[in-house]
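Chains as they are written, first to last, in our numbering: chain F, 104 to 480; chain Z, 2 to 215.
Please read the structure below before turning to the comments.
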Amino acid sequence: MTTPLPPGIQLEKVDDRIMTLNVGPQHPGSGHMRLIIKVDGDYIVSCDPDPGYVHRGEEKMAEYRNYVQNIPHLERPVIHDSCNILYPYCLAVEELLGIEVPERAKYIRVIASELNRCVYTLYWLAIYGIFLGHSTMFMWPAGDRELFIDLLEAMSGARVTHAYLVPGGIRNDLPANFEERCLRQVDYFEKRLKEYQAIFYKNPLLISRTEGTGILSRTDAIRLGTTGSVLRASGVDFDLRKKEPYDVYENLDFETVVRKEGDSYARSYIPYLEMFESCRIIKDAIRKMPKSGSVRTKLKPNPKGGNDEVYKRVESGRGSLGYYIVSNNRPEPYRVKISVGSFRNLICMPYLLKGELLGNMPSVYWGLNYWPVEADR
Amino acid sequence: MGSETEKDEQPSETAAISEDAESVSKDETKKSHEEQGIDFSPDSSVHPKPIPEFEKSISDKIASKFGSKINVDYVRSSRIRISTKKEDILDVAFFIRDELGYDHAESVSGVDYPDSKEIEVVYHLGSYTDDKLATHVLTLATRVPREEIPNPGKDSTRMTSLREVFYSVEFHERECFEMFGVYFEGHPDNRRLLLPEDWADIPPFRKDFKIKGR
Numbered sequence: 104m105t106t107p108l109p110p111g112i113q114l115e116k117v118d119d120r121i122m123t124l125n126v127g128p129q130h131p132g133s134g135h136m137r138l139i140i141k142v143d144g145d146y147i148v149s150c151d152p153d154p155g156y157v158h159r160g161e162e163k164m165a166e167y168r169n170y171v172q173n174i175p176h177l178e179r180p181v182i183h184d185s186c187n188i189l190y191p192y193c194l195a196v197e198e199l200l201g202i203e204v205p206e207r208a209k210y211i212r213v214i215a216s217e218l219n220r221c222v223y224t225l226y227w228l229a230i231y232g233i234f235l236g237h238s239t240m241f242m243w244p245a246g247d248r249e250l251f252i253d254l255l256e257a258m259s260g261a262r263v264t265h266a267y268l269v270p271g272g273i274r275n276d277l278p279a280n281f282e283e284r285c286l287r288q289v290d291y292f293e294k295r296l297k298e299y300q301a302i303f304y305k306n307p308l309l310i311s312r313t314e315g316t317g318i319l320s321r322t323d324a325i326r327l328g329t330t331g332s333v334l335r336a337s338g339v340d341f342d343l344r345k346k347e348p349y350d351v352y353e354n355l356d357f358e359t360v361v362r363k364e365g366d367s368y369a370r371s372y373i374p375y376l377e378m379f380e381s382c383r384i385i386k387d388a389i390r391k392m393p394k395s396g397s398v399r400t401k402l403k404p405n406p407k408g409g410n411d412e413v414y415k416r417v418e419s420g421r422g423s424l425g426y427y428i429v430s431n432n433r434p435e436p437y438r439v440k441i442s443v444g445s446f447r448n449l450i451c452m453p454y455l456l457k458g459e460l461l462g463n464m465p466s467v468y469w470g471l472n473y474w475p476v477e478a479d480r
Numbered sequence: 002m003g004s005e006t007e008k009d010e011q012p013s014e015t016a017a018i019s020e021d022a023e024s025v026s027k028d029e030t031k032k033s034h035e036e037q038g039i040d041f042s043p044d045s046s047v048h049p050k051p052i053p054e055f056e057k058s059i060s061d062k063i064a065s066k067f068g069s070k071i072n073v074d075y076v077r078s079s080r081i082r083i084s085t086k087k088e089d090i091l092d093v094a095f096f097i098r099d100e101l102g103y104d105h106a107e108s109v110s111g112v113d114y115p116d117s118k119e120i121e122v123v124y125h126l127g128s129y130t131d132d133k134l135a136t137h138v139l140t141l142a143t144r145v146p147r148e149e150i151p152n153p154g155k156d157s158t159r160m161t162s163l164r165e166v167f168y169s170v171e172f173h174e175r176e177c178f179e180m181f182g183v184y185f186e187g188h189p190d191n192r193r194l195l196l197p198e199d200w201a202d203i204p205p206f207r208k209d210f211k212i213k214g215r
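And the structure:
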C-alpha cells in the first residue's frame, strides 16, 4: 500500500484530535518569535515558546568594547525604549568607576526616560489595537507618539536611538525653551489620553476578549518571577521607581498603579494608567530641576573598572531591567549580563495559554508586554 | 597575553618621558584639565567598607547555619554575595527561600574563567513578598569545572538545577546551558533556547569562542 520512504526521512505520527500550529516566526507587530501551539479544536492544549530568531549576542559584543563604545549598541535590543535600557548600564558603570552625576543631569535623565516610556507604551498600545483588529487604536497612539519623539529628537538629535544617557550624566544639555514646549505637549497629551478610555478601554470588543482571560494569580506571578505590568496586574505592589529609587525618583510625586484581577484586561490597562503617572513625573521633574549647571561628569580616557562586580536595575517599560557587570582591571568589561523583563515574562506564556481559546491568544500574548528583540538580546 | 600587557604599558612610558621633557607645562595642563572637569585621580579601588546592620543580620543568619561551607561577601549596599560549592547549593538555596524570604530569581548568568578552568554560575535572587528585602538582590554563586574541549551535557561541566527551589529559573538555566555548556541536573527541559538548531560550534559565551575578525 504505502510507498517506502527514502532513508533518513520519518513521518510524524499525527494524532486524531491534536493539531500542531506554528504561530510565527514572522511576526506582524514586533520582532520575530515563534510559538509552537498544540490545539484541540479551538482550545490550546500546550504552548512551547521558541525565541531566538533575533539573538544578536549583545552580551558577547560588550566584552570587546570599552565602557563608552558600548553605549550605542546596547540600546539596540529595544530601540523604542532606548533611554530605559541604557539607564541601568549607566548606573552600573558609574558605580564601578566611582563617578558622581550632576544634579541637573539626574533630572534630565528622569525626564528622558519617562518620555521614552510613553513612546514605548504608545507603540505597544498601537500594536495591541492591530492584534485585536481595532485599527483606530493603531492610528491614535501611533500619531500621539510623534509628540514625544519630537521632544526626544529636540533633546538628543535622534528620533529613536538616542544614546542620550551616558555614564556620568547625559550627552548634551536641553535645547532653549525645551521646558515650556515639553509642558505644553504633556498637557495636551493628558487630555488626549482620556479619549482612549472611550474608544478602547470601554469598548465591548476589548472587554469581551480580555476580561477574565489568561488569569495569573498573585502567588503564581511571584513564583514565576514575573515583572513589570504583568506583576502589578496580579496585585503585587512592586515598582523599582518606588521600591529602590534611583537618581531623583524619591523626590518626585507619583504613584504605583496596581490592579488585583490578574487577567488580560488588567495587563492592558496598567501601562495605559502608568502613562498618566509618567506625565506627572515629567511635570514634577521640570518644576524641581535646577535651572542651570553641569550635565555631564567627564570620564577619564579609557577608564578601567577594577576587580569588581555590580548589579544595577531600573524599571523599564517592560519591567525590571538589570545589568550585571564583572570587570577585571581592563578598559573592557569582563562579562555583561542583561536581565530583561521580556525574557523573565516569557515563562508565563506556556502557563497562561494552556486551556485558553485560540482566539484569545493574541491578547494574552501581547498583554505580557513581551518584546522579542529585547528577550533575545 | 604578553603583547596585550606591553600595549598597556606603552602609553604610560611615553607619558613618563613627556613628563620629564615638559615638566614646566605639566601644572598648566593639569589646571586646564581641572577646568574642563576631567578627573585624573586613580581608579576607585575596592576597600573594605563597614557592613550596614540589615545586611549584617542576613549574612550572620546564613553564616551561622552553614559555617565554613559558604563564603559571604559584602559587595556594596544591599548587594550581598554568597559563594558556595556546587554540592551544597541546593541546601543553601532552600534556606535562602524558606528562612530569608527571597522568592524569585532575576537572572542566571555564567561567567567563564578559562585560567582557573572554572565557570561561575551566578543567581541573582530578589523578593516580592518581603518589603524589607525589596531593595536587596542576593547573589548566589557557585563554580563548576570547565573542560578544555566542551561536550555540553556529557562532560563534567554540570550542577544541580535550582528549578525546584525557584521555579523562575527555568528559561534562564536553559540559556546558561546553551551559552556556557553548563548542564543542569534535574532540569526537565535542557533544550536549546536562543541558538539555532544547527549550531555546531562550542558554547558561544565562553572566552575561547572569538567573534570573527576580532
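Note that the Cβ used here is the ideal one computed from N, Cα and C, for glycine as well.
Let me know the secondary structure DSSP gives residue i once reduced to three states.
{"i": "residue 448 of chain F", "result": "helix"}
{"i": "residue 44 of chain Z", "result": "Confidence in residue 44 of chain Z is poor, its pLDDT being 44 and thus under 50, which makes the residue's placement unreliable; the coordinate value appears in the next sentence. Three-state DSSP puts residue 44 of chain Z in coil, outside helix and strand."}
{"i": "residue 442 of chain F", "result": "strand"}
{"i": "residue 180 of chain F", "result": "helix"}
{"i": "residue 352 of chain F", "result": "helix"}
{"i": "residue 129 of chain Z", "result": "coil"}
{"i": "residue 152 of chain F", "result": "strand"}
{"i": "residue 323 of chain F", "result": "helix"}
{"i": "residue 258 of chain F", "result": "helix"}
{"i": "residue 141 of chain Z", "result": "strand"}
{"i": "residue 143 of chain F", "result": "strand"}
{"i": "residue 289 of chain F", "result": "helix"}
Against residue i, what residues of chain Z qualify as contacts under a CB-to-CB distance less than 9 angstroms, listed in chain order?
{"i": "residue 428 of chain F", "result": "Going along chain Z, no residue has its Cβ under 9 angstroms from residue 428 of chain F, so there is no contact; the nearest lies around 10 angstroms."}
{"i": "residue 393 of chain F", "result": "By Cβ distance, chain Z contributes nothing, its closest Cβ being about 17 angstroms from residue 393 of chain F, past 9 angstroms."}
Along chain Z, in chain order, which residues have C-beta atoms closer than 7 angstroms to that of residue i?
{"i": "residue 339 of chain F", "result": "129"}
{"i": "residue 327 of chain F", "result": "168 and 169"}
{"i": "residue 450 of chain F", "result": "169, 171 and 172"}
{"i": "residue 154 of chain F", "result": "194 and 195"}
Drop a sphere of 10 angstroms on the beta-carbon of residue i, count the other beta-carbons inside from all chains shown, and report buried for 16 or more, exposed for fewer.
{"i": "residue 175 of chain Z", "result": "buried"}
{"i": "residue 109 of chain F", "result": "exposed"}
{"i": "residue 322 of chain F", "result": "exposed"}
{"i": "residue 391 of chain F", "result": "exposed"}
{"i": "residue 297 of chain F", "result": "exposed"}
{"i": "residue 150 of chain Z", "result": "exposed"}
{"i": "residue 442 of chain F", "result": "buried"}
{"i": "residue 239 of chain F", "result": "exposed"}
{"i": "residue 369 of chain F", "result": "buried"}
{"i": "residue 152 of chain Z", "result": "exposed"}
{"i": "residue 122 of chain F", "result": "exposed"}
{"i": "residue 212 of chain Z", "result": "exposed"}
{"i": "residue 380 of chain F", "result": "buried"}
{"i": "residue 294 of chain F", "result": "exposed"}
{"i": "residue 103 of chain Z", "result": "buried"}
{"i": "residue 350 of chain F", "result": "buried"}
{"i": "residue 189 of chain Z", "result": "exposed"}
{"i": "residue 178 of chain F", "result": "buried"}
By the criterion of Cβ-Cβ separation under 7 angstroms, what are the contact partners of residue i in chain F?
{"i": "residue 53 of chain Z", "result": "Within chain F, no residue comes near residue 53 of chain Z; the closest Cβ sits about 15 angstroms away, beyond 7 angstroms."}
{"i": "residue 138 of chain Z", "result": "414"}
{"i": "residue 80 of chain Z", "result": "414"}
Using 7 angstroms as the threshold, is the C-beta distance between residue i and residue j below it?
{"i": "residue 136 of chain F", "j": "residue 465 of chain F", "result": "no"}
{"i": "residue 327 of chain F", "j": "residue 450 of chain F", "result": "yes"}
{"i": "residue 484 of chain F", "j": "residue 362 of chain F", "result": "Given that chain F is displayed from residue 104 to residue 480, the structure contains no residue 484 of chain F and the question cannot be resolved."}
{"i": "residue 472 of chain F", "j": "residue 338 of chain F", "result": "no"}
{"i": "residue 190 of chain F", "j": "residue 268 of chain F", "result": "yes"}
{"i": "residue 130 of chain Z", "j": "residue 79 of chain Z", "result": "no"}
{"i": "residue 221 of chain F", "j": "residue 378 of chain F", "result": "yes"}
{"i": "residue 477 of chain F", "j": "residue 180 of chain F", "result": "yes"}
{"i": "residue 155 of chain F", "j": "residue 479 of chain F", "result": "yes"}
{"i": "residue 165 of chain Z", "j": "residue 156 of chain Z", "result": "no"}
{"i": "residue 366 of chain F", "j": "residue 315 of chain F", "result": "yes"}
{"i": "residue 263 of chain F", "j": "residue 182 of chain F", "result": "yes"}
Run down chain F in chain order and give the residues with a C-beta less than 9 angstroms from the C-beta of residue i.
{"i": "residue 76 of chain Z", "result": "411, 412, 413 and 414"}
Can you list the residues of chain F that residue i reaches, using a CB-CB cut of under 8 angstroms?
{"i": "residue 205 of chain Z", "result": "160 and 163"}
{"i": "residue 188 of chain Z", "result": "Simply none; closest approach about 13 angstroms."}
Residue i touches chain Z at which residues, Cβ-Cβ below 8 angstroms?
{"i": "residue 46 of chain F", "result": "No answer is possible for residue 46 of chain F: it lies beyond the span of chain F, which begins at 104 and ends at 480."}
Practice item. Report yes or no: do three or more beta-carbon pairs, one from the stretch 389-404 of chain F and one from the stretch 270-278 of chain F, lie closer than 8 angstroms? Key: yes
Point to revise | Residues from the stretch 83-112 of chain Z in contact with chain B, defined by Cβ distance under 7 angstroms | key: Reference to chain B is not applicable here, since the protein chains of this structure are F and Z.
Check your understanding: When the Cβ atoms of the stretch 450-460 of chain F are set against those of the stretch 142-150 of chain F, are three or more pairs found closer than 8 angstroms?
Key -> yes
Check your understanding: Counting Cβ pairs closer than 8 angstroms, one from the stretch 303-317 of chain F and one from the stretch 231-250 of chain F, do we hit at least three?
Key -> yes
Review point. Counting Cβ pairs closer than 8 angstroms, one from the stretch 107-123 of chain Z and one from the stretch 64-81 of chain Z, do we hit at least three?
Key: no
Check your understanding: Quick check: the stretch 205-216 of chain F against the stretch 422-429 of chain F, are there 3 or more CB pairs under 8 angstroms?
Key -> no
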